[in-house]
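See below for the structure under consideration.
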Amino acid sequence: DAEITQSPRHKITETGRQVTLACHQTWNHNNMFWYRQDLGHGLRLIHYSYGVHDTNKGEVSDGYSVSRSNTEDLPLTLESAASSQTSVYFCASRELRDTTYNEQFFGPGTRLTVL
Amino acid sequence: AQSVTQLDSHVSVSEGTPVLLRCNYSSSYSPSLFWYVQHPNKGLQLLLKYTSAATLVKGINGFEAEFKKSETSFHLTKPSAHMSDAAEYFCVVTLYSSASKIIFGSGTRLSIRP
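Chains A and B, in that order, are what the protein sequence lines are. Take any residue in the first sequence, count from 1 to its spot, add 13: that is its number in our numbering. Take any residue in the second sequence, count from 1 to its spot, add 2: that is its number in our numbering.
Right under this line is the structure:
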């Protein structure tokens, strides 16, 4: 069965370190997303991609970057981790054709703690 | 501007009683609307979606939602709550094909009393 996976599931790091969160989907979806989920804020869009070599900034992109070298993967990098980036991070994907009607498929999440 | 409001941050019902989770949206155009459920420490899972076909949409686990354009609402209901329904529920609005136009509500936490 197709799926979307994230790794690691839990990560503790220190302020200033570079961290990369992995996202891998086997749906063959062109549209991929990264969100962060914080109490009181729901899900907020960090970055998204429409396909290979395409990346776009979302609502809360400062301090984050992504790259899309193939269809399956969209790694999220925190260049210099800050305590404000402690959060739960979700990756999602979606079929690009007729996207208005298509739901997103979400990964299980990565809980990141920045000390 | 497009927005979505979930009117209750927390709803508590007794097992076996009806569930109503309210969602209102604001959009200049006909949107697509979704309800997702998130169980503790899990990702979001699609419950149901409205895409301009039938206004009453049936989803998984006995949930359904009715699109009411005149009220700009898309409330989620279930006739009889089960303990396993305890979770966070998100109403989502999508306008056009742009990934940046997916708007999430702030979520409603549903608690089920035995």
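Cβ coordinates follow ideal geometry from the N, Cα and C atoms, glycine included. All of these numbers come straight from a predicted model, not from anything done at the bench.
Counting only Cβ-Cβ distances below 9 Å, A:P121 has contacts in chain B at N43, K44 and G45, in chain order.
Taking a C-beta cut-off of 7 Å against chain B, the contacting residues of the segment 31 to 58 of chain A are N44, F46, G55, L56 and L58, listed in chain order.
Where B:E90 is concerned, the enclosing beta strand (DSSP E) starts and stops at A89 to T96. Per DSSP, the continuous beta strand (DSSP E) segment holding A:A35 begins and ends at V32 to Q38. Residues of chain A with a Cβ closer than 7 Å to the Cβ of B:L48 are, in chain order, E116. Scanning its chain for C-beta atoms nearer than 8 Å, with the 5 sequence neighbours on each side dropped, one finds around B:P33 the residues Q4, Y27, V95, T96 and L97, in chain order. According to the DSSP assignment, B:Q4 belongs to no beta strand (DSSP E), since it is labelled neither H nor E. The Cβ of B:K60 sits no closer than 8 Å to any Cβ of chain A. The alpha-carbon of B:N63 is positioned some 31 Å away from that of A:I59. According to DSSP, A:D51 shares a beta bridge with A:G55. Residue-level contact by beta carbon holds for B:K51 and chain A, with a gap shorter than 8 Å. C-alpha of A:N44 to C-alpha of A:S106: approximately 5 Å in a straight line.
Nearest CB-CB separation between B:G64 and chain A: not below the 8 Å threshold. Distance between B:P116 and B:F92, taken at the CA atoms: about 24 Å.
Within chain A, the C-beta atoms nearer than 7 Å to that of B:S108 come from G55, in chain order. Shown here, A:N41 sits in coil according to DSSP, grouped into three states, outside any helix or strand. Taking the CA atoms as reference points, B:E90 sits about 34 Å from A:S82. Per DSSP, the beta-bridge partners of A:L91 are A:V32 and A:Y77.
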